[in-house]
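Step one of this worksheet: look at the structure below.
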Amino acid sequence: MILLQVQQLSKYYGAELILSNIKLEVQTGDRIALVGRNGAGKSTLLKMIAGQLSHESGAIMKPKDVTIGYLAQDTGLESDLSIWDEMNSVFDGLREMEKQLRALEADMANPNVYNDPKRYEQVMTAYDHLQNDFKEAGGYQYEADLRSILHGFKFHEFDYGTLISTLSGGQKTRLALAKLLLTKPDILILDEPTNHLDIDTLSWLEHYLQGYSGAILIVSHDRYFLDKTVNQVYEVSRHKIRKYTGNYSKYLIQKAEQYEREMKQFEKQQEEATKLEAFIQRNIARASTTKRAQSKRKQLDRMDMMARPDGDEKPPGMLFDINRQSGNEVLKIDQASIGYNNTIISSVLSFDISRGESIALVGPNGVGKSTLLKSITGALPLLSGEIRTGTGVEIGYYDQEQSHLNRSKTVLAELWDDYPGTPEKDIRTILGTFLFSGDDVLKPVAALSGGEKARLALAKLTMQKANLLILDEPTNHLDLDSKEVLENALIDFPGTLLFVSHDRYFINRIATKVVELDKTGVTVYLGDYDYYVEKKNEQEELAELQTAITASSTSKTAASDSYKTDKEQRKKERQKLRRIEEIESEIAAHEEKITEAEDLLCLPEIYEDHKKSIDLQQQLEQANKAIETLMEEWEMLQDD
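So the sequence shown is residues 1 to 640, counted in the UniProt record's numbering.
Written out as structure tokens, the structure reads:
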């Protein structure tokens with residue numbers, strides 16, 4: 001089913017053309033990624049589809065009953081309610097339906113209704129329709145869905161009574177995404193949904209979106225995430241849009257193949273046109289060949305000349321070099337404890353970094369990854385332990401908040417003031433390689449976008465020529481092309497790298513070692529991200545196996561020491577299990593009776609017979625009460 005169509009859409013900001021003749025179609029089950037350079041118009045297109053921006057020409061068409069849910073980039077949930085009350089408000093409509101069902105059930109048991117056949121039939125019909133609508137809308141599982149999504153976004157670690165107003169910006173952003181997922185719109189539109197998510201939460205979100213029943217339209221610079229979630233890619237470039245089938249990796253292959261194919265067709269046509277033109281020039285003046293030349297001229301005029309295929313738009317240029325090599329031992333962290341104001345976040349951190357290594361620091365949000373980087377650079381004092389740098393180590397630090405940039409300076413002054421001995425022409429050349437050209441270098445830093453600030457911070461870092469680069473989320477705010485350029489530059493970097501990133505694709509390309517940080521210490525894995533995940537899974541499997549072995553061994557030891565006690569305990573356990581099975585069988589039997597009774601109540605010959613209807617209603621009430629009593633006993637046995 002077609003959920004949405006975009007036809008010949010165009011958008012201007014003032015006199016500047018942003019998008020032209022955009023065509024896009026969304027069908028049920030589609031998983032669509034919008035990709036392109038920063039500023040290409042991806043977020044603008046999403047806002048137009050979501051109805052938050054107007055367009056100059058074209059049309060956006062969708063059926064009236066199709067719902068759209070839109071989450072803008074870094075949108076935080078603002079509310080005076082608690083986490084639970086705000087999330088639960090999504091289901092206000094379902095709870096109202098539930099109240100109506102209970103009211104209709106009361107009406108059916110009311111003698112006044114029972115003695116009025118026409119009214120009773122109306123109540124029964126209304127109950128049947130409402131109960132079906134309630135079931136279809138997820139009325140019997142909405143609370144389980146709510147808890148599952150809060151758990152996926154790691155809010156199970158919070159008291160659900162926590163006021164949203166007390167949460168951090170990143171937590172509010174995660175909660176906004178969680179609330180949107182609970183609404184289950186037909187078309188889910190997400191602009192950079194992976195921001196502020198750690199790797200575990202990203203994995204959970206990927207799994208959730210893979211099973212999402214509606215269509216999804218995503219803008220994301222997380223290539224690993226796109227590979228896992230999408231089956232179509234629309235590339236926005238030079239105001240236009242082009243569709244590719246498959247995930248992000250397949251899009252890259254198709255794009256390269258398409259460019260090569262179109263370039264060959266273009267070159268073949270150019271060669272043919274050149275030959276025709278040469279023949280015409282040689283033969284047009286001769287009486288004996290002029291007719292043939294004129295024929296060739298007509299053939300040339302009839303040719304539909306292809307435009308030269310567009311290659312990739314110019315990405316920023318990056319080159320990280322060093323002033324001198326460091327010694328083999330670059331950094332030694334020994335029994336370090338990190339935190340703020342004497343509050344420990346993580347402790348007993350010990351690991352070494354050797355020259356030429358590229359180390360990814362991973363771990364859940366809040367465990368202290370950025371804090372550790374700041375402690376290494378000296379921006380924060382250690383609470384205990386020691387960090388030693390090796391001989392000749394020069395540290396270059398990239399801060400994800402770009403706090404080292406002076407907002408009041410211009411782009412040019414931000415670089416030039418740090419390197420006043422460098423000629424202005426050279427400073428402008430460096431800025432040009434990072435896509436700051438012409439009057440762009442006179443922009444104040446405060447006016448730059450997130451991507452522009454990231455490029456400026458990286459430009460400063462390249463000029464430093466440090467041999468140890470410490471990078472905190474260097475791919476944030478970068479478009480896909482810029483990420484690839486940064487990766488290639490870091491792969492060629494002759495020094496040592498220590499970085500924090502949630503970009504698993506980036507980690508896979510760059511890391512030679514993964515260091516996992518938690519509150520009790522670090523674990524070192526000698527490989528990339530995929531190797532790290534493989535080893536983690538192996539460790540979990542081994543831990544489960546060891547637990548089972550230990551449990552078995554403990555059980556045998558206990559049996560030999562206190563055989564009689566153990567025998568009695570096993571007897572009680574068997575009795576408990578038998579009772580649990582009996583309860584479950586009884587509940588199943590009552591549920592069957594409820595289903596049979598509800599089906600019977602929907603039959604005209606039953607609901608027209610008032611006595612039978614009343615009897616069935618009483619059976620329903622008795623069965624529900626019996627189930628409630630049995631469930632209480634079942635829960636007590638489970639907790640015992």
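Idealized CB from N, CA, C, for every residue including glycine.
A quick note: this is a predicted structure, and the numbers were derived from the prediction, not measured.
Taken through DSSP and simplified to helix, strand or coil, L380 comes out as coil.
Counting every other CB atom within 10 Å of its CB across the protein chains shown gives T475 a total of 16 or more, marking it as buried. Look at the beta carbons and you see the segment 157 to 169 not touching the segment 182 to 189: under three pairs across the two are nearer than 8 Å. A residue is called buried when at least 16 other Cβ atoms come within 10 angstroms of its Cβ; E635 does not meet this threshold and is exposed.
Between E262 and S220, the gap from beta carbon to beta carbon reaches 8 Å or more. When Cβ pairs closer than 8 Å are counted between the two stretches, the segment 372 to 380 is seen to touch the segment 333 to 350, the count reaching three or more. The residue among Q400, I68, L45 with its C-alpha nearest the C-alpha of A59 is L45. Of the other Cβ atoms in all chains shown, 16 or more fall within 10 Å of the Cβ of R509; this residue is therefore buried. Taking C-alpha positions only, P117 is separated from T75 by approximately 54 Å. Judged by their CB atoms, I387 and A336 are nearer to each other than the 8 Å cut-off.
For N88, there is no enclosing beta strand (DSSP E); the enclosing alpha helix (DSSP H) has its first and last residue at 83 to 88. Contact between the segment 389 to 404 and the segment 528 to 541 is absent: fewer than three C-beta pairs spanning the two stretches fall below 8 Å. Assigned with DSSP and collapsed to three states, G339 falls in strand. Between L637 and I580 a beta carbon distance of about 5 Å is seen, short of the 8 Å cut, so the two are scored as contacting. In the structure shown, E473 falls within a coil segment according to DSSP collapsed to helix, strand and coil. One thing to note: I83 has its Cβ within 8 Å of the Cβ of I164. By the 16-neighbour rule on beta-carbons within 10 angstroms, A459 is buried. Here V26 has L3, L4, I32, I187, A215, L217 as same chain residues with Cβ atoms under 7 Å from its own Cβ, once five neighbours each way along the sequence are excluded. The beta carbons of N195 and L226 sit no closer together than 8 Å.
Scanning its chain for C-beta atoms nearer than 6 Å, with the 5 sequence neighbours on each side dropped, one finds around K593 the residues A623, in chain order.
The Cβ neighbour count for Q122, taken over all protein chains shown within 10 Å, is under 16; the residue is labelled exposed. In this structure, F434 lies away from L469, with their beta-carbon atoms at least 8 Å apart.
In terms of Cα proximity to T496, the closest of E424, I322, E206, D92 is I322. In the pairwise beta carbon analysis, the segment 64 to 71 is classified as not touching the segment 9 to 19: fewer than three pairs are separated by under 8 Å.
For a cut-off of 8 Å, the C-beta gap from K409 to V445 is around 6 Å, short enough to register as a contact.
With fewer than 16 other Cβ atoms inside 10 Å of its own Cβ, K268 counts as exposed.
The Cβ atoms of K291 and L276 lie no closer than 8 Å to each other.
Around the CB of T462, 16 or more other CB atoms lie within 10 Å, so the residue is classed as buried. Less than 8 Å divides the Cβ of K179 from the Cβ of M87. One thing to note: T422 has its Cβ no nearer than 8 Å to the Cβ of S326. Residue burial is scored here from C-beta neighbours: V524 has fewer than 16 other C-beta atoms within 10 angstroms and is therefore classed as exposed. Counting the other Cβ atoms within 10 Å of the Cβ of S482 gives 16 or more, which makes it buried. Partner residues in the beta bridge of R31, as assigned by DSSP, are I216. In this chain, L167 is not harboured by any beta strand (DSSP E), its DSSP state being neither H nor E.
Beta-bridge analysis with DSSP links F266 to no other residue.
Shown here for V113: same chain residues with a beta carbon closer than 8 Å to its own, the five before and five after excluded, namely D107, R119, Y120, V123 in chain order.
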